Each structure stands twice: as C-alpha cells, then as structure tokens.
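Residue numbers (this note's numbering), protein chains in the order written: chain A, 32 to 139; chain B, 706 to 819.
Please read the structure below before turning to the comments.
As structure tokens, this is what we get:
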C-alpha cells in the first residue's frame, strides 16, 4: 500500500526566505503525486500535481523517483503562503493517500 | 464553479447517538469521499463511492457506514457515536475516468461527541 511521509509538523520561515516542505512516498508502481493546501478558514484545495510540471503561486515540486520524494519549494515565502500543506499520492484510480500535513508559518 | 456542501459546520452529539452527516455536490461527479481530519494524523479515508448505491471501505471504516441513494448526495452514518469519533469530517467529490481527477472538498463538519 502506498504511504506518504511529511516529517515536519510545523515549518516556520521569515518572509522572503526560501521554503521547502518535505514529502516522501512509498509506492512500488508509478505514483502520481499532489500537493493540497488549506488556508485558514478555507476548504482544502489542490495546489499542484507532478504530471502538470506547473508552478502555482510560485510553488514548484519535482518528483524524484530515486529518492522517492516530492518536496514543495518556493524561493521567496510570502505571508499569504501560511497554511496547512498536505502531500498526497494515488496508486492509480481516484483514491488519495494523504500525509500528516505540514503547517507553514511565514513570519514577518 | 464546483460546489460541495455539507449539512452542518458544527455538530455536538452524545455518546451512543446515531449521527448523520450529509454531503451534496452539484457537478455531477461520479466519485464521492468521506475523510476525517485529525491533527498529526492528516486526512484518512473512511469510505468512498464511485456510483449510486456503490461503496467501498477506506482505511478506517470501523464504526461508520455510508449511503448513496442519489448521485449528488453521500451520507456518512455513525451508528453509535463514541468520543473517539470527535473530529473534523471532510467530504469530497471528483469525476471518474482517467488516471486521476482532482477532488473538490466541502467546508467540513466539526463533530464533537460528549
């Protein structure tokens, strides 16, 4: 069964500093990886998926199959990036397995 | 604009009560999901449904059941609520087909069982 590990419960950075939210997965097949985000008092929503190779709100994530990682990165943190971030994977089909989440706090 | 609604934002029930959580989506999605969200544990899938009257157990189905009589509505049932079911419950829906389709989430129901 697939598993997702997010080692940090809380990550605190200063505004303008680089951000890296860590995510490691375990899956024997070809996984699909995603980052979901939940801003304060808002719904959980999709931020980005690895197959799109897109940058959303300045965030990028590269799938590294050798290290089984899908870390979320942003070069310069903004105050509005403060949120709970979940890494997730699906082994095919439409079921998602989520990590435990990382709370990102951007301080001024 | 996809809309997933949940019947209550906050709910307080007593141990042993039967609890119904309702979820409705208006985008004709085939798939619907129920998760619980707990600090330090992330989101865990309770049940999901890929069609009317179809259901499949998720990772933590014990103590829960579901009902999907209409495509747009997916209900989560706690037959006899217990204090360890105090949690935030999230409903989601998505299209079927293809390798993966984005899940759209409802606002959540915070259930407290006393």
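Even glycine gets a Cβ: it sits at the ideal position worked out from N, Cα and C.
Just so it is clear, the structure is predicted and the values come from calculations on it, not from any experiment.
Per DSSP, cross-strand counterpart(s) of residue i
i                      : result
residue 115 of chain A : A/69 and A/134
residue 763 of chain B : Beta-bridge pairing links residue 763 of chain B to no other residue.
residue 711 of chain B : B/728
residue 104 of chain A : A/51 and A/91
residue 32 of chain A  : For residue 32 of chain A, which the question treats as bridged, DSSP gives no partner whatsoever.
residue 736 of chain B : B/799
residue 805 of chain B : According to DSSP, residue 805 of chain B bridges with nothing at all.
residue 109 of chain A : The partner list for residue 109 of chain A (beta bridge, DSSP) is empty, contrary to what the question assumes.
Per-residue DSSP class, three states only, for residue i
i                      : result
residue 98 of chain A  : coil
residue 790 of chain B : helix
residue 83 of chain A  : helix
residue 63 of chain A  : strand
residue 722 of chain B : coil
residue 774 of chain B : strand
residue 127 of chain A : coil
residue 780 of chain B : strand
Reference residue i, options the options, closest by Cα
i                      : options                       : result
residue 819 of chain B : B/719, B/775 and B/756        : B/719
residue 80 of chain A  : A/64, A/97, A/102 and A/41    : A/64
residue 730 of chain B : B/784, B/783, B/795 and B/747 : B/795
residue 110 of chain A : A/37, A/43 and A/38           : A/43
residue 754 of chain B : B/783, B/722, B/745 and B/774 : B/774
residue 58 of chain A  : A/114, A/39 and A/94          : A/94
residue 744 of chain B : B/751, B/791 and B/797        : B/791
residue 752 of chain B : A/125, A/139, A/104 and A/137 : A/125
residue 749 of chain B : B/757, B/758, B/759 and B/764 : B/764
residue 746 of chain B : A/40, A/137 and A/136         : A/40
residue 816 of chain B : B/716, B/709 and B/708        : B/716
residue 73 of chain A  : A/139, A/116 and A/47         : A/116
residue 739 of chain B : B/733, B/732 and B/770        : B/770
residue 100 of chain A : A/135, A/66, A/46 and A/85    : A/66
residue 82 of chain A  : B/708, B/810 and B/805        : B/805
Own chain partners of residue i with C-beta closer than 7 Å, once the 5 adjacent residues on each side are dropped
i                      : result
residue 807 of chain B : 799
residue 37 of chain A  : 53, 54, 118, 130, 131, 132 and 133
residue 70 of chain A  : 114
residue 725 of chain B : 780 and 782
residue 801 of chain B : 735, 736 and 755
residue 812 of chain B : 711 and 714
residue 102 of chain A : 51, 52, 53, 54 and 92
residue 85 of chain A  : 79
residue 137 of chain A : 44, 46, 108, 109, 110, 112 and 113
Neighbourhood of residue i by C-beta, 8 Å cutoff - its chain only, sequence neighbours within 5 removed
i                      : result
residue 33 of chain A  : 56, 57, 58, 62, 120, 121, 122 and 128
residue 788 of chain B : 720, 818 and 819
residue 145 of chain A : In the structure as shown, chain A begins at 32 and stops at 139. Residue 145 of chain A is therefore absent and cannot be evaluated.
residue 757 of chain B : 773, 774, 775 and 776
residue 733 of chain B : 776 and 777
Residues of its chain near residue i, where Cβ-Cβ distance is below 6 Å and the 5 sequence neighbours each way are ignored
i                      : result
residue 50 of chain A  : 44, 105 and 108
residue 742 of chain B : 748, 793 and 795
residue 139 of chain A : 46
Closer than 8 Å to chain D by CB, residue i
i                      : result
residue 712 of chain B : Protein chains A and B are contained in the structure displayed, whereas chain D is not.
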